[in-house]
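Asker: The listed protein sequences derive, respectively, from chains A and B.
So in the UniProt record's numbering, the last spot in the first sequence is 425, and the numbers never skip.
So in the UniProt record's numbering, the last spot in the second sequence is 91, and the numbers never skip.
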Amino acid sequence: MVAEDLNAFVTREELEPTGDGPLSGRTVAVKDNISTEGVRTTCGSNMLAHYVPPYDATVVERLKAAGATIVGKTNMDEFGMGTTTETSAFGPTQNPAAPGRVPGGSSGGSAAAVAAGEADLALGTDTGGSIRCPAAFCGVVGIKPTYGLVSRYGLVAYANSLEQIGPIAPTVEEAAELLEVVSGPDERDGTTREPADGTDYASAADGDVDGLTVGVPTELLDGADEGIVETFWDALDDLEAQGAEYTEVSLPSVETAVQAYYVIAMSEASSNLARFDGVRYGQSGGYDGNWNETFARSREEGFGAEVKRRILLGTYALSAGYHDKYYAKAQDARAWVKRDFDETFADVDVVASPTMPVPPFELGESLDDPLQMYLADANTVPVNLANLPAISVPAGEADGLPVGLQFVAPAFGERTLVRAGSALA
Amino acid sequence: MDRRVDDEEVRHVASLARVDLDDEEVALFAEQFADILDYFDALDEVPEVESEAELDNVMRPDEVREGLTQEEALQNAPETEDGFFKGPKVG
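1. Does the beta-carbon of A:R309 have 16 or more other beta-carbons within 10 angstroms, so that it is buried, or is it exposed?
2. Less than 8 Å between the beta carbons of A:G67 and A:P17, yes or no?
3. Under the three-state reduction of DSSP, which class applies to B:A73: helix, strand or coil?
4. Please classify B:Q70: is it buried, with 16 or more other beta-carbons within 10 angstroms of its beta-carbon, or exposed?
5. Would you please verify whether the beta carbon of A:S284 is less than 8 Å from any beta carbon of chain B?
6. For A:A346, go through chain B and note every residue whose CB falls closer than 7 Å to its CB, in chain order.
7. Should A:T218 go down as buried or exposed, given a rule of 16 or more other Cβ atoms within 10 Å for buried?
8. Can you find a C-beta in chain B that's less than 8 Å from the C-beta of A:M1?
9. For A:T127 and A:N387, which I take to be in contact (beta-carbon distance under 8 Å), what is that distance rounded to the nearest angstrom?
10. Could you list which residues in chain B have their beta carbon closer than 7 Å to that of A:I311, in chain order?
11. In its own chain, which residues sit with a C-beta less than 6 Å from the C-beta of A:E245, not counting the 5 before and 5 after it?
12. If you draw a straight line from the C-alpha of B:P88 to the C-alpha of A:S298, how long is it?
13. In terms of residues, what are the limits of the alpha helix (DSSP H) holding A:S422?
14. Which partner residues of A:A390 appear in the DSSP bridge assignment?
15. Mark A:D377 as exposed unless 16 or more other C-beta atoms lie within 10 angstroms of its C-beta, in which case mark it buried.
16. Let me check understanding here. Comparing Cα to Cα, which of A:L121, A:E362 and A:N46 lies closest to A:A29?
17. Identify every residue that forms a DSSP beta bridge with A:S183.
18. Name the one or two DSSP bridge partners that A:G215 has.
19. Between the C-alpha atoms of A:T58 and A:Y153, what's the straight-line distance to the nearest angstrom?
20. Assuming residue 426 of chain A and A:L273 form a contact by the criterion Cβ under 8 Å, report the distance between their Cβ atoms to the nearest whole angstrom.
21. Select from the segment 45-70 of chain A all residues with a C-beta closer than 7 Å to any C-beta belonging to chain B, and list them in chain order.
22. Going residue by residue through the segment 235-296 of chain A, where are the continuous beta strand (DSSP E) segments of at least 3 residues, counting only ones entirely within it?
23. Just verifying my parser: in three-state terms, what is the DSSP assignment at A:T41?
24. Taking only beta-carbon atoms, is B:R60 less than 8 Å away from chain A?
25. So that I know if they touch, is there some Cβ in chain A lying closer than 8 Å to that of B:F85?
26. State buried or exposed for B:V58, treating a residue as buried only when at least 16 other CB atoms are found within 10 Å of its CB.
27. For a test of the three-state rule: what should DSSP assign to A:A378, helix, strand or coil?
28. For the beta strand (DSSP E) containing A:L121, name the first residue and the last one.
29. Under 9 Å, CB to CB, which of the residues in the segment 376-408 of chain A have a partner in chain B?
30. Determine, using beta-carbon pairs with one atom in the segment 19-26 of chain A and one in the segment 45-54 of chain A, whether at least three such pairs fall under 8 Å.
31. Scan the segment 327-343 of chain A for residues whose Cβ lies nearer than 8 Å to a Cβ of chain B and list them as they occur along the chain.
32. Where A:E240 and A:L251 are concerned, what is the direct C-alpha to C-alpha distance, given to the nearest angstrom?
33. Please check if any C-beta of chain A sits within less than 8 Å of the C-beta of B:V90.
34. Using the C-alpha atoms, what's the distance from B:F33 back to residue 454 of chain A?
35. So A:S130 packs on A:S151, CB below 8 Å; how close in whole Å?
36. Run the CB neighbour count on A:D32, radius 10 Å, all protein chains shown included, and call it buried at 16 or more, exposed below.
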């Protein structure tokens with residue numbers, strides 16, 4: 001397949017490094033919801049088709065200073081809303097590892113660019129699995145960092161309390177190198193923190209899992225496809241042969257994690273996306289009628305169906321009479337997920353599961369049924385609800401299609417994830 | 001059977017959210033919202049959980065810093081006039 005056919009990039013433009021460092025000589029693709037000064041940042045939306053940020057996101061500044069050459073802005077589900085990269089206003093991206101299938105979402109362009117060798121490394125963002133899902137579907141490595149490890153300054157917000165920027169790379173070591181460059185406190189993002197034991201991640205990619213204890217939550221295997229479960233167990237046997245031990249654990253809270261995730265994400269989205277009014281930036285509705293009418297018209301034209309669906313459902317969940325039933329209950333569910341993981345990590349070092357319970361969808365397969373698409377996120381969203389770090393690494397194939405294995409660690413346990421992941425990829 | 005979400009309710013939420021919808025979208029969303037909200041009903045089974053928020057306020061000194069220039073702030077606006085954003089009338 002020729003590279004151009006993948007549609008991995010919305011904009012191809014080379015941005016030169018500003019310094020020398022660990023990424024000198026390497027190319028990095030950046031997801032199109034991360035601001036790049038002077039280069040349009042569309043979020044995969046018609047609303048922002050012509051938006052050119054006047055500043056760089058912190059992570060972009062850090063990439064350039066570390067010697068990276070940025071090679072373009074990658075395709076994505078519109079505003080990060082999707083699991084297939086088919087909701088992009090710029091057309092779907094192809095999966096180079098599984099022709100005719102989706103690359104996963106929402107960072108599908110970033111994962112496809114890395115899998116096809118169109119960039120050495122890439123940045124994605126993960127709100128409910130949007131780095132790990134495409135990494136799994138495209139057969140590459142993706143890390144969703146602990147909430148607060150990577151600055152979100154310059155990231156166009158979708159659901160602030162859940163999302164993090166993170167690396168996608170061919171190997172665990174390279175993903176760890178990229179994470180080192182972009183992580184660490186930023187005075188422009190008050191939610192960032194300095195991890196107690198630093199941000200030295202690449203050195204942990206030594207593949208040493210002797211004595212590592214792995215918890216396998218039965219709930220996350222029950223709903224998964226048979227072929228995926230088989231590949232998952234083969235990978236765990238491989239780890240066991242290298243000295244790791246696994247034990248089954250139970251995380252009952254994950255049964256309502258998808259519902260909680262979507263209620264919270266949609267609610268935050270309905271608030272965040274209110275800024276797109278077609279006056280300061282974005283698609284303009286023209287000036288006939290009053291503010292509300294023009295505003296509503298610009299949003300009708302600028303937003304695609306999935307974005308409208310989430311804004312409306314979020315507005316509904318926050319509205320009088322429904323707030324307690326949906327939003328407040330979702331916060332309870334979120335606290336329950338956190339507690340479940342805390343209790344599990346008293347007994348095991350990491351939790352492992354298939355990253356995705358299903359193989360990559362065929363293009364067009366899930367578009368008519370949003371609920372089916374939401375259900376595919378069952379294994380990834382608990383991590384975002386609990387603000388934990390997770391990695392997806394290639395675990396092999398099932399029926400010729402890539403299968404990803406996900407490890408989850410306690411907060412700021414990225415070194416443990418890199419170590420565990422490097423034993424497999 | 002009564003639909004859980006009718007067209008009128010979708011139109012009402014859309015007007016609260018300031019998103020115009022065409023009739024086809026209204027009908028489709030009414031159907032899909034019924035399914036999705038049924039699915040969200042599982043949240044009724046969630047126990048009340050004490051969430052101990054480990055939150056610290058992060059403060060910085062309130063110092064004047066460089067921001068966007070007026071030109072930069074206006075560069076993405078569809079219409080401007082005399083250094084201002086130009087928008088529709090309010091109300």
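Backbone N, C-alpha and C define an ideal beta-carbon position, used for all residues, glycine too.
Since this is a predicted model, take the numbers as computed values, not measurements.
Answerer: Put simply:
1. buried
2. With contacts defined by Cβ atoms closer than 8 Å, A:G67 and A:P17 form a contacting pair.
3. helix
4. Answer is exposed; the Cβ neighbour count stays below 16.
5. Chain B contact via Cβ: present.
6. Per Cβ cutoff of 7 Å: no residues; A:A346 is ~16 Å from chain B at best.
7. exposed
8. Confidence in A:M1 is poor, its pLDDT being 45 and thus under 50, which makes the residue's placement unreliable; the coordinate value appears in the next sentence. False, the Cβ-Cβ gap to chain B never drops below 8 Å.
9. Rounded, the Cβ-Cβ distance is 12 Å, inconsistent with contact.
10. A17 and V19
11. If the five residues before and after A:E245 are omitted, its C-beta is found closer than 6 Å to the C-beta atoms of T213, all from its own chain and listed in chain order.
12. If you take the alpha carbons of B:P88 and A:S298, they lie about 12 Å apart.
13. E414 to S422
14. In the DSSP output, where bridge partners are listed per residue, A:A390 has A:K144 and A:V408.
15. buried
16. A:L121
17. A:V150
18. The partner list for A:G215 (beta bridge, DSSP) reads A:T247 and A:V351.
19. 6 Å
20. Residue 426 of chain A lies beyond the range of chain A shown here (1 to 425); nothing can be said about it.
21. Cβ contacts with chain B: Y51, V52 and P54.
22. Counting whole runs of 3 or more residues, the segment 235-296 of chain A contains the beta strand (DSSP E) stretches 245-249.
23. coil
24. yes
25. Output row for B:F85: interface = yes.
26. exposed
27. coil
28. L121 to D126
29. none
30. Flag = no, the segment 19-26 of chain A and the segment 45-54 of chain A do not touch.
31. K329, A330, Q331, D332, A333, R334, A335, W336, K338 and R339
32. 22 Å
33. yes
34. Examination of residue 454 of chain A is not possible in this model, given that chain A is present from 1 through 425 alone.
35. 18 Å between Cβ atoms; not a contact.
36. buried
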